[in-house]
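Residue numbers (this note's numbering), protein chains in the order written: chain A, 46 to 416; chain Z, 13 to 261. Beta carbons are placed, not taken as given, at the ideal position from N, Cα and C, and that holds for glycine.
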Amino acid sequence: MAEVATRHPPGSHPDLPPPTMEVGALGWMRRNLFSSPLNTVLTLVGLYLLYLIVPPLLEWAVFQANWGPGTSRAACTKPGACWTMIRARFGLLMYGFYPVDQRWRVDLTFILQFAAMAALLIERIPGKRYWAVFLFLIYPVVGFILLYGGLGLPVVETSRWGGLMLTLVLSTTGIVASLPIGVLLALGRRSALPVVRMLSIAFIEFVRGVPLISILFMASVVFPLFLPEGMNFDKLLRAIVGITLFSAAYIAEVIRGGLQAIPKGQYEGAMSLGLNYWKMNLLIILPQALRISIPGIVNSFIGLFMDTTLVLIVGQIELLGMAQSSARDPNWLGTINTALAFVSVVYFTFCFSMSRYSQYLERKLQRGHRR
Amino acid sequence: MKVSDEVMIQMDGVHKWYGQFHVLKDINLTVHKGERIVICGPSGSGKSTLIRCINRLEEHQKGKIIVDNVELGHDVKNIELIRREVGMVFQHFNLFPHLTVLQNLTLAPIWVRKMPRAQAEEAAMLYLKRVRIPEQAGKYPGQLSGGQQQRVAIARSLCMNPKIMLFDEPTSALDPEMIKEVLDVMIELAQSGMTMICVTHEMGFARTVANRVIFMDQGEIIEQNEPMAFFNNPQSERTKLFLSQILHH
Numbered sequence: 046m047a048e049v050a051t052r053h054p055p056g057s058h059p060d061l062p063p064p065t066m067e068v069g070a071l072g073w074m075r076r077n078l079f080s081s082p083l084n085t086v087l088t089l090v091g092l093y094l095l096y097l098i099v100p101p102l103l104e105w106a107v108f109q110a111n112w113g114p115g116t117s118r119a120a121c122t123k124p125g126a127c128w129t130m131i132r133a134r135f136g137l138l139m140y141g142f143y144p145v146d147q148r149w150r151v152d153l154t155f156i157l158q159f160a161a162m163a164a165l166l167i168e169r170i171p172g173k174r175y176w177a178v179f180l181f182l183i184y185p186v187v188g189f190i191l192l193y194g195g196l197g198l199p200v201v202e203t204s205r206w207g208g209l210m211l212t213l214v215l216s217t218t219g220i221v222a223s224l225p226i227g228v229l230l231a232l233g234r235r236s237a238l239p240v241v242r243m244l245s246i247a248f249i250e251f252v253r254g255v256p257l258i259s260i261l262f263m264a265s266v267v268f269p270l271f272l273p274e275g276m277n278f279d280k281l282l283r284a285i286v287g288i289t290l291f292s293a294a295y296i297a298e299v300i301r302g303g304l305q306a307i308p309k310g311q312y313e314g315a316m317s318l319g320l321n322y323w324k325m326n327l328l329i330i331l332p333q334a335l336r337i338s339i340p341g342i343v344n345s346f347i348g349l350f351m352d353t354t355l356v357l358i359v360g361q362i363e364l365l366g367m368a369q370s371s372a373r374d375p376n377w378l379g380t381i382n383t384a385l386a387f388v389s390v391v392y393f394t395f396c397f398s399m400s401r402y403s404q405y406l407e408r409k410l411q412r413g414h415r416r
Numbered sequence: 013m014k015v016s017d018e019v020m021i022q023m024d025g026v027h028k029w030y031g032q033f034h035v036l037k038d039i040n041l042t043v044h045k046g047e048r049i050v051i052c053g054p055s056g057s058g059k060s061t062l063i064r065c066i067n068r069l070e071e072h073q074k075g076k077i078i079v080d081n082v083e084l085g086h087d088v089k090n091i092e093l094i095r096r097e098v099g100m101v102f103q104h105f106n107l108f109p110h111l112t113v114l115q116n117l118t119l120a121p122i123w124v125r126k127m128p129r130a131q132a133e134e135a136a137m138l139y140l141k142r143v144r145i146p147e148q149a150g151k152y153p154g155q156l157s158g159g160q161q162q163r164v165a166i167a168r169s170l171c172m173n174p175k176i177m178l179f180d181e182p183t184s185a186l187d188p189e190m191i192k193e194v195l196d197v198m199i200e201l202a203q204s205g206m207t208m209i210c211v212t213h214e215m216g217f218a219r220t221v222a223n224r225v226i227f228m229d230q231g232e233i234i235e236q237n238e239p240m241a242f243f244n245n246p247q248s249e250r251t252k253l254f255l256s257q258i259l260h261h
């Protein structure tokens, strides 16, 4: 470099600006896309693959697709996706066999849920404590009465629930219930009390060693055999319990990883101040351990969301099941691709939102105690 | 500073083992109210273990420890009772990184002493002034220097209004230029009449404030005396060797 070396007497060196780097779009491209011969080749291959995939996909899903209304496959004349089927079956896909004149109850339930969740998750909205009380204590009762019936609302048996609504009921109850259970299991596995520790380990290892499908089967087929005559739990409730416990075992291990990352000094600092076991964990250890575990926890949540599709095998028809059975309808034969594409978009939307929110949460919590 | 006759800590024939390893051997120690004790000795001599037994961060297996008239045993209630009255400052500060300095200070008063938040914050600010960093109240520990963090840790213990303060090598993890600011705070605390037990190699501190220096080696109390006599006229060979090594550096 042919820079003129400017000398400064000791103690009077000014703060200089850093060397100018290549900035702007071209600089970014050079750094990120064409920084080496290999990188250049990879960039070109990637572009070629996009060229191969994207235009036909758009052609199928948008330009050559059938958007109009209709009552059978015959209405879909263009070669692309048959969105007509989704339009015709939209009610079924969203609500299952929930009675049409009662579907406002489902709408209201989820409007309430999403409003309360938004209020709780968006930082600017005040009164977090009241929203949390509403969402975790009042809403479950309200939601149950709205969906199932009671207090003057006609009862809608859970066997008539289905479609996206069922997916959301399964996944939200599963998520909300499995996190606290997972936390307790993780603490139990590290407990100093041998009985608590052994029970936690046994539960976690048993559940992790068995596929979800077999747990659901056991819950719906085997479990009732042990119950006394006439006593019966709702099938959906059993499925929810199965999914929750399954997910809790995985979450427990994720959180245990977080707990192990907390230095011993944090426990000693908390104990030396006279905090008891629960206060120490709730105020000092868990806030830090959960923050570390966010990526893993959200990973488990997304897994749980996907796993709700497995209730199909115990006879509950959620979104994917409903889409498949719609495409199997004699009127709509040959629309399975469209059905799967629609389901994928819905699943992606929910899972991607969870993932984005978790990234936002990580950044927000990071801000607090950067070093 | 006058030392009262009231006994704060009484250790009788205390033994402790880590597995097969005998870390504390027949420790007998009486600490009176207002006493400032410095414990020194080579690393691995059991000095940290000894003071950690006083608030039961370590469990002793034999003997008797009575702190503030409460005997330490397996009773969890007693342990929590004692920990409320015994503050501890650690080598690595052990501040809570997810809480601000002020929250670090008010946490225990609010949750353990059930103090109203406003009152706890007022007290916390008072102690932050005493350790000379009130302006850092809103920051997170990670944004402070080591010396500042250790002063926050001292203030955090003081917020519980303890009867006894334990210091476990409070300056060992600090850069040399920060040691003095922490020692100054400790000297001030000693002059206010606090009962203190301090594991440290800061012999200047021992000379200034201690009224007893204890030398430990291999799990035993080898020698104890008042600082003048301890430094000028050590009795055992082991003590002489240790002092010659740390004083001539």
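Rounded C-alpha distance that separates residue i from residue j
{"i": "SER265 (chain A)", "j": "ILE358 (chain A)", "result": "10 Å"}
{"i": "GLN32 (chain Z)", "j": "GLY348 (chain A)", "result": "47 Å"}
{"i": "SER292 (chain A)", "j": "PRO256 (chain A)", "result": "11 Å"}
{"i": "SER338 (chain A)", "j": "SER55 (chain Z)", "result": "36 Å"}
{"i": "ALA47 (chain A)", "j": "PRO55 (chain A)", "result": "Because the pLDDT at ALA47 (chain A) is just 48, under 50, the model does not fix this residue reliably, and the value given afterwards should be weighed accordingly. Taking the straight line joining both Cα atoms gives about 23 Å."}
{"i": "PRO239 (chain Z)", "j": "PRO188 (chain Z)", "result": "24 Å"}
{"i": "LEU253 (chain Z)", "j": "LEU62 (chain Z)", "result": "22 Å"}
{"i": "ASP180 (chain Z)", "j": "PHE243 (chain Z)", "result": "21 Å"}
{"i": "LEU320 (chain A)", "j": "ASN81 (chain Z)", "result": "20 Å"}
{"i": "GLU147 (chain Z)", "j": "PHE105 (chain Z)", "result": "19 Å"}
{"i": "PHE387 (chain A)", "j": "CYS396 (chain A)", "result": "14 Å"}
{"i": "VAL151 (chain A)", "j": "MET210 (chain A)", "result": "7 Å"}
{"i": "PRO246 (chain Z)", "j": "ILE78 (chain Z)", "result": "29 Å"}
{"i": "ASN237 (chain Z)", "j": "LYS175 (chain Z)", "result": "23 Å"}
{"i": "VAL343 (chain A)", "j": "ARG148 (chain A)", "result": "30 Å"}
{"i": "TRP105 (chain A)", "j": "PHE268 (chain A)", "result": "46 Å"}
{"i": "PHE251 (chain A)", "j": "LEU270 (chain A)", "result": "21 Å"}
{"i": "LEU165 (chain A)", "j": "LEU331 (chain A)", "result": "20 Å"}
{"i": "ILE199 (chain Z)", "j": "MET190 (chain Z)", "result": "15 Å"}
Identity of the residues DSSP links to residue i by a beta bridge
{"i": "HIS72 (chain Z)", "result": "Paired residues: none, contrary to the question."}
{"i": "TYR30 (chain Z)", "result": "Z:PHE33"}
{"i": "LEU206 (chain A)", "result": "According to the sequence shown, residue 206 (chain A) is Trp rather than Leu. In DSSP, TRP206 (chain A) forms a bridge with A:GLY141."}
{"i": "ILE78 (chain Z)", "result": "Z:GLN22, Z:GLU83"}
{"i": "ASP60 (chain A)", "result": "DSSP lists no partner for ASP60 (chain A)."}
Assigned exposure category for residue i - 16 Cβ within 10 Å defines buried
{"i": "ARG163 (chain Z)", "result": "buried"}
{"i": "ILE258 (chain Z)", "result": "exposed"}
{"i": "MET243 (chain A)", "result": "exposed"}
{"i": "GLU193 (chain Z)", "result": "buried"}
{"i": "MET74 (chain A)", "result": "exposed"}
{"i": "TYR30 (chain Z)", "result": "exposed"}
{"i": "TYR139 (chain Z)", "result": "buried"}
{"i": "TRP323 (chain A)", "result": "exposed"}
{"i": "TYR175 (chain A)", "result": "exposed"}
{"i": "LEU196 (chain A)", "result": "exposed"}
{"i": "ILE156 (chain A)", "result": "exposed"}
{"i": "GLN305 (chain A)", "result": "exposed"}
Beta-carbon spacing of residue i, residue j below 8 Å
{"i": "GLU47 (chain Z)", "j": "ARG219 (chain Z)", "result": "no"}
{"i": "VAL143 (chain Z)", "j": "ALA120 (chain Z)", "result": "no"}
{"i": "ASN448 (chain A)", "j": "THR116 (chain A)", "result": "Residue 448 (chain A) is absent from the structure shown; chain A starts at 46 and stops at 416."}
{"i": "ALA333 (chain A)", "j": "GLN369 (chain A)", "result": "Ala is not the amino acid found at residue 333 (chain A); the sequence shown has Gln there. It is not a contact, given that the beta carbons lie outside the stated cut-off."}
{"i": "LEU355 (chain A)", "j": "VAL391 (chain A)", "result": "no"}
{"i": "SER317 (chain A)", "j": "ARG95 (chain Z)", "result": "yes"}
{"i": "GLY125 (chain A)", "j": "PHE108 (chain A)", "result": "yes"}
{"i": "VAL186 (chain A)", "j": "GLY194 (chain A)", "result": "no"}
{"i": "ILE39 (chain Z)", "j": "MET23 (chain Z)", "result": "yes"}
{"i": "ARG373 (chain A)", "j": "ARG301 (chain A)", "result": "no"}
{"i": "ILE209 (chain Z)", "j": "LEU186 (chain Z)", "result": "no"}
{"i": "PHE102 (chain Z)", "j": "ALA165 (chain Z)", "result": "yes"}
{"i": "LEU215 (chain A)", "j": "ILE288 (chain A)", "result": "yes"}
Heavy atom of the ligand MN within 7 Å of residue i beta-carbon
{"i": "ILE51 (chain Z)", "result": "Within the structure as shown, the ligand MN is missing, as the structure has no ligands at all."}
Contact list for residue i against chain Z, beta-carbon separation under 7 Å
{"i": "LYS173 (chain A)", "result": "Within chain Z, no residue comes near LYS173 (chain A); the closest Cβ sits about 17 Å away, beyond 7 Å."}
{"i": "LYS324 (chain A)", "result": "TRP123"}
Contact list for residue i against chain A, beta-carbon separation under 7 Å
{"i": "ALA120 (chain Z)", "result": "LEU318, GLY319, LEU320"}
{"i": "ASN67 (chain Z)", "result": "SER317"}
{"i": "GLU133 (chain Z)", "result": "Those within 7 Å of GLU133 (chain Z) in chain A number zero; the least Cβ separation is about 16 Å."}
Within chain A, partners of residue i - CB distance below 9 Å
{"i": "PHE102 (chain Z)", "result": "GLY310, GLU313, GLY314, SER317"}
{"i": "MET20 (chain Z)", "result": "The contacting residues do not exist; MET20 (chain Z) stays about 17 Å from chain A at best."}
Under 8 Å by beta carbon: chain Z residues contacting residue i
{"i": "PRO332 (chain A)", "result": "HIS110"}
Listed by chain order, chain Z residues near residue i by CB distance under 9 Å
{"i": "LEU328 (chain A)", "result": "PHE108, LEU111, LEU119, TRP123"}
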